[in-house]
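Residue numbers (numbering that gives the first Met the number 0), protein chains in the order written: chain Y, 0 to 396; chain Z, 0 to 396; chain U, 0 to 396; chain A, 0 to 396.
Protein chains: 4
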Amino acid sequence: MTIRNVRVICTAPAGARLVIVKVETSEPDLFGLGCATFTQRHLAVVTAIEKHLKPLLVGRDPSCIEDLFHLMMVNGYWRNGPVLNNAISGVDMALWDIKGKLAGMPLYDLLGGKCRSAAQVYVHADGATAAAVCDSVRSFLDQGYRFIRVQQSGYGGAESRVRRPAGSPAGVYYDTRSYTREVLATLDHVRNEIGESVELLHDVHERLPPIEALQFARDLEPFGLYFLEDCFAPEDVDWFERLRTLSSTPLAMGELFNNPNEWKKLIAERLIDFVRVHISQIGGVTAARHLVSFAAQYAIRTAWHGPGDVSPVGHAANLHLDLWAPNFGVQEWCRFPEQVYEVFPGTPVVRDGYMYPNDRPGLGIEIDEKRAAEYPCPNDVIEWTQVRRHDGSPARP
Amino acid sequence: MTIRNVRVICTAPAGARLVIVKVETSEPDLFGLGCATFTQRHLAVVTAIEKHLKPLLVGRDPSCIEDLFHLMMVNGYWRNGPVLNNAISGVDMALWDIKGKLAGMPLYDLLGGKCRSAAQVYVHADGATAAAVCDSVRSFLDQGYRFIRVQQSGYGGAESRVRRPAGSPAGVYYDTRSYTREVLATLDHVRNEIGESVELLHDVHERLPPIEALQFARDLEPFGLYFLEDCFAPEDVDWFERLRTLSSTPLAMGELFNNPNEWKKLIAERLIDFVRVHISQIGGVTAARHLVSFAAQYAIRTAWHGPGDVSPVGHAANLHLDLWAPNFGVQEWCRFPEQVYEVFPGTPVVRDGYMYPNDRPGLGIEIDEKRAAEYPCPNDVIEWTQVRRHDGSPARP
Amino acid sequence: MTIRNVRVICTAPAGARLVIVKVETSEPDLFGLGCATFTQRHLAVVTAIEKHLKPLLVGRDPSCIEDLFHLMMVNGYWRNGPVLNNAISGVDMALWDIKGKLAGMPLYDLLGGKCRSAAQVYVHADGATAAAVCDSVRSFLDQGYRFIRVQQSGYGGAESRVRRPAGSPAGVYYDTRSYTREVLATLDHVRNEIGESVELLHDVHERLPPIEALQFARDLEPFGLYFLEDCFAPEDVDWFERLRTLSSTPLAMGELFNNPNEWKKLIAERLIDFVRVHISQIGGVTAARHLVSFAAQYAIRTAWHGPGDVSPVGHAANLHLDLWAPNFGVQEWCRFPEQVYEVFPGTPVVRDGYMYPNDRPGLGIEIDEKRAAEYPCPNDVIEWTQVRRHDGSPARP
Amino acid sequence: MTIRNVRVICTAPAGARLVIVKVETSEPDLFGLGCATFTQRHLAVVTAIEKHLKPLLVGRDPSCIEDLFHLMMVNGYWRNGPVLNNAISGVDMALWDIKGKLAGMPLYDLLGGKCRSAAQVYVHADGATAAAVCDSVRSFLDQGYRFIRVQQSGYGGAESRVRRPAGSPAGVYYDTRSYTREVLATLDHVRNEIGESVELLHDVHERLPPIEALQFARDLEPFGLYFLEDCFAPEDVDWFERLRTLSSTPLAMGELFNNPNEWKKLIAERLIDFVRVHISQIGGVTAARHLVSFAAQYAIRTAWHGPGDVSPVGHAANLHLDLWAPNFGVQEWCRFPEQVYEVFPGTPVVRDGYMYPNDRPGLGIEIDEKRAAEYPCPNDVIEWTQVRRHDGSPARP
């Protein structure tokens, strides 16, 4: 059996540009699907797959996943970046999907079998005021969720409350100091109103100067967060050492990671508590499985990135890893609208705060290519990452 | 003045696929050139520039380079990878070229002025036997070079001398143990024949298991290398600490780096002696200028990557940085054939082992687009990075 | 083009002795200005420039700034001290001013272009009582300032409240224990009266014994300072490690630094949050530009020293660096009186809490030598640095 | 009793510009002498003393040396640099000279009394060839010296043997690689010819890139140096940690130090074996006495800088410290010509490799101002510190 073809399907049924890889084999009707979604640079990923990976792969044995993963990684010489890792992930997940179908087993069974029958998930509450946020939290509790990420006006306010200098360019503005003050007030309000029966999370989204993240982690302690996400930008992860000596707030990190040098020290020195990479951004299931094994050496839990720009194929891969991993923590969940389930039959479902698999072989997910074609991908300039501090300085999103 | 257009030109006058960016401004005839050459994944870079960066940039002010560099970096959210860094580099270098032309100054003058009138270079001697290598070294000495990198059969022999198991896949095979033995014997031969008047270098090309690299660095000490390149793969740079406590062989590292987390600790803890990144791979002149300043704090010298898959535009950028940087060490030089000088008028010239600039404004280099079109880029599968150890294991190139 | 002359102009239009260097070139009317103001030892700086640097420089090429910077640094063999660094700074800034004029570009454009259109500034509120301080803060808020440094009776009280022993010498006395108590009470008052809409700063001015600085940093936490300045004397910076493990109060440090060994570890180990050197004290723009790049590796921000004994030329250099630096934080501002603007046309102006450039080439500042001559420099003995603790001990200012 | 006057005397009886301070008291004929010799910037020191220190000091009590030392240090606010430290040293040594005269005791008695009756010294052998160096060593042995610093053509050869690029500026050129090879060959020759009966030293004079200094320290091990001087520039002292893990060559460091942050870590972490500061460069006897006490905590020995640009007054101060210090190691000695003894009656004398004091009160040295005036100081541009590497790069002297 060989790889006969590698195809890419782009679709945007819920707005985000999703990139799906289909690896077809020499066996009739035997193929696999993988997620290669780097939504902000999706066309570069498509080119990388169609022009660079496909010619490398066609004719090779799809069963040697570990070998092919390594080959794809080093074939370009330079590696560990978001475009190529996503391209590799698309293929890698598809190869695991094929292997599952060949075995007649769900992926979690190939990984070692289930440690749990469903994965607990967290969802996103948000609002412009403390009261609105509190209403959102209550609504999720009513739907059976127990883990709820609480944000105040997104990641720091669409508009800074602070006067900016004349001549400042267009962009998304925010002010870090008023952001942290407001979030603390909102969490205080939520805890007062709702109490301790809900697990609260919060995402800094790398927006704070390091010292403000340190202070914030300390100020959050009375609210007993389940975890605080992405305190620092990936370029600044060496600040975790300082944070860790000053606060015991549980820390989750990693949605922006592409390079092992970003996570190795954090794990081996126990500087974080949850590793939450975006698995297509690190190269797919093969890379994520190794990462589970590594993090487990240090009792660090997983909390894979699960936003709307992870495709349903990627969410399925998240879920299989979640069901197996001895050190699973919690799964982020984006609550796809109905049309996504139509384009991707088999998309995981969530009931009462738990995500359940469908127990079909492989990833257990399909794509209806005709329905997918009804949702073509736009190629807009990305606006939300054109972020600036209140004084006009360019900032991290 | 605004950015009016961003174009990409691909050409392969000497075999390697070169990717050149041309940023055109609203001023008639005012444009800049930049190198975006990631030769193994050139089409993904082209897509990234044409489809993702161009729409972001058109209409903006080309003088705010630092701001645009940051904007390009974070606009995709995920970053620090080879495809996007090269795309950014193409634009970044072109913006510096434009600024130099506006100022009427060579780039080295904008950077702070010359610290030397030319940059010393090293070239590559190679051969299948110690005698052939020695002849190659002698020939370079006769041409006026003083810094010579000595390899034995490339990076470890096209074919391993060791029997491999039946059923091993196709690929480029090598055996690390015989490689190190042969290189040591060849260096011994060269030193005996030629003496101490030549500076010898060697490139491990990340191919050795870490402990073999440690042993090798120690075994090399009697030969007084100027430096040893790329002892470890970028994923394994934390091994430098061990190496450094065992050997004083001078260490150069970095051609594969894309991410600040790969180089920060190596520099701040003085674990290497020469930082030799490929400057388009870290994002261009803006990134390299910051890196020069950072490395200078620790008396670590620069030795930018300068192979045939850095375009002449990239070599010009290397040279301008070399002439300015207070901590310049040595420049790798690939000796372009004549037709490259015809496609790229202003390509740096080397005389008597020194590379000289032409003192025109900006980068001082042009592209003859008609001549460039005569050398279209092939899109072959990359063979030389399909490397395997003698037992068939996938290996790093 | 060569350096034709190096002249020094001293003037004191607002009380402080300012030292300005004028580097004249062989081109008619092409010259540059630089700040060499070490107000307490201004005549030693004048001698260093006129007798030692001028003969070294005349006849050399002014475009090789990096080379000349290095030459000036090592020509005296001993280096990194305040007299010589200021002398070098005077020349270095003037060379950058010349380069900007030659290029027809403001200095910020040579540095890499603007990252913001103006620089946010902080000013100094002071008073003998909590109420007086609060009034001063309110007045600055009314003028549009948002960052306000709050002091209580200067840096600890003109007179200690504690009885000193008979026979104690003359001097400026203070008592560290009552100083910290009073400042904490005043900050509590200001926060109660004015709330969270103002960013407060405080300057210890190196006056506390290390353990009292540690305690103070912790006691300050409820007041959410933007930063705390100069916790320790430069001789005691190794105490930052201890402080950092005990407090997350943001730390700014550096106005007294002259030597790279004073700042390197603080930055690379992330022991401070803002580097706020006096840029003429570290050698000028060349040194400051390298320092920006170094600090940026660690997400540490700049907050250059900007008191009345930085000349308007030095403030202009601060501003150009501020507009460019990707990691700019905030700029100290001394609010020059009107006659300073007359002596130095082009002195930066502040509106609504932001400092704006004038966009002329180079530093964009001039000196009216006739007006300057109307304000000759006195050579008084410096009184305010003759400081003593309450028991008569000699103390750091 | 008060300080009545502070005067400066400059003289150059042996070529080097020497700066002597004379502090006169209100007691008739009671005065002290101190060394303020910063020969490369002597006029800046003169101004600092006459214009800045003198007005501060006149009228104060000369007996409070520790208090005045502190006052002089902090009165300029910025401190720890070469111009001001030398100015302070001139006064500080003179105050100790006065105190000794008042007590009727040599300075070593005030310090705590003699631990030895004379100080062993080392002298400088040099030559253009190994044979010439060996002859020089033999000649010193014949004169009774046992500690001999061996240099080959100064600090690396007046002229590099390596071709430099066209257009290189004037300067003193050297090539680090040929320098180390030649010194090793010369030491091998000397050990073979003379054997182990002589203690050999060598001075790198901060000229090597750090990694070459590391290699050199290891390569020197077979020759059993007494110590290796100044392996690194003062800006690069953090490299000692690396050197120390790789070599046990005894290390002396410090002639360029002005700032406690340069020496504290080296001593407290036992990274050097001999502290050899230039005592007027750290502020004089008060500072040196504290440094002796500190180094003694770690069994690190002293080896004060003693070249021809330490005045005889400074050599006398060195000697008094040497006689007292429990952790004295060895004293550098420059062998003054006869006329220096005439200008400075009481200049220490060396017999059979030991330097002896004259046992007069205080420093035991005088200046014949009339004879001193016969040797006025030139103000040439310093040439020997305009050093460049073989490729034209600016280098450290």
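Built from N, CA and C at the ideal position, the CB exists for glycine as well.
Output yes or no for whether 7 Å exceeds the beta carbon distance between residue i and residue j.
i: U:E65; j: Z:G112; result: yes
i: A:Q151; j: A:T185; result: yes
i: A:A35; j: A:N85; result: yes
i: A:H41; j: A:R59; result: no
i: Z:K50; j: U:Q296; result: no
i: Z:V20; j: Z:G33; result: yes
i: A:N260; j: U:N257; result: no
Give the C-beta separation of residue i and residue j to the nearest angstrom, bearing in mind that I take them to be a contact with Cβ-Cβ under 8 Å.
i: U:A251; j: U:A302; result: 5 Å
i: A:F405; j: A:P311; result: Limits of chain A in this structure are 0 at one end and 396 at the other, which puts residue 405 of chain A out of reach.
i: Y:L70; j: Z:Q385; result: 7 Å
i: U:D91; j: U:T285; result: 5 Å
Answer with buried or exposed for residue i, where buried requires no fewer than 16 other C-beta atoms within 10 angstroms of its C-beta.
i: A:E331; result: buried
i: Z:H79; result: The sequence given here has Asn at residue 79 of chain Z, not His. By the 10 Å Cβ count, Z:N79 comes out buried.
i: Y:A102; result: exposed
i: Y:W383; result: exposed
i: A:G305; result: buried
i: A:N4; result: exposed
i: Y:A130; result: exposed
i: Z:E195; result: exposed
i: Y:E368; result: exposed
i: A:T46; result: buried
State yes or no: is the beta carbon of residue i nearer than 7 Å to at least one beta carbon in chain D?
i: Z:W303; result: Looking at the structure shown, chain D is missing, and the protein chains on hand are Y, Z, U and A.
Would you tell me roughly how many angstroms separate the C-alpha atoms of residue i and residue j, rounded to the nearest one?
i: U:F139; j: U:G223; result: 19 Å
i: Y:P76; j: Z:P396; result: The sequence shown places Tyr at residue 76 of chain Y, not Pro. Their backbone Cα atoms lie some 7 Å apart in a straight line.
i: U:R269; j: U:L213; result: 17 Å
i: U:E192; j: U:C133; result: 8 Å
i: Y:A287; j: Z:P27; result: 51 Å
i: U:G143; j: U:V348; result: 13 Å
i: Z:D108; j: A:G170; result: 22 Å
i: A:Q280; j: Y:L290; result: 56 Å
i: Y:A324; j: U:V136; result: 56 Å
i: A:G352; j: A:V329; result: 11 Å
i: Z:R370; j: Z:I278; result: 26 Å
Inset, instruction - Determine which residues of the region 234-255 of chain Y have a Cβ less than 9 Å from any Cβ of chain U, and write them out in chain order. - result: Of all residues in the region 234-255 of chain Y, E234, D235, D237, W238, E240, R241, L242, T244, L245, S246 have a Cβ within less than 9 Å of some Cβ in chain U.
Inset, instruction - Note down, in chain order, all residues in the region 94-109 of chain U with a beta-carbon under 8 Å from any beta-carbon belonging to chain Z. - result: So the list reads K98, L101, A102, G103, M104, D108, L109, given in the order they occur along the chain.
Legend entry - Contact set between the region 79-93 of chain A and chain U, restricted to residues whose Cβ is under 9 Å from the partner: Going along the region 79-93 of chain A in chain order, one finds N79, G80, P81, V82, L83, N84, N85, A86 with a Cβ nearer than 9 Å to chain U.
Inset, instruction - Could you please tell me which residues of the region 290-315 of chain Z, in chain order, have their CB closer than 7 Å to any CB of chain U? - result: Flagged, chain order: S292, F293, A295, Q296.
Inset, instruction - Could you run through the region 267-283 of chain U and flag, in chain order, every residue whose CB is less than 8 Å away from some CB of chain Z? - result: Within the region 267-283 of chain U, those residues whose Cβ lies closer than 8 Å to any Cβ of chain Z are, in chain order, A267.
Inset, instruction - Please list the residues of the region 367-396 of chain Y that have a C-beta atom closer than 9 Å to any C-beta atom in chain U, keeping them in chain order. - result: Per Cβ criterion, the list reads R387, R388, H389, D390, G391, S392, P393.
Legend entry - Positions along the region 45-69 of chain U whose CB lies within less than 9 Å of some CB in chain Z: Residues of the region 45-69 of chain U that bring their beta carbon within less than 9 Å of a beta carbon in chain Z comprise D60, P61, S62, C63, I64, E65, D66, L67, F68, H69, in sequence order.
Inset, instruction - Residues of the region 30-44 of chain Y with a CB closer than 7 Å to any CB of chain Z: list them in chain order, please. - result: The residues in question are F37, Q39, R40, L42, A43.
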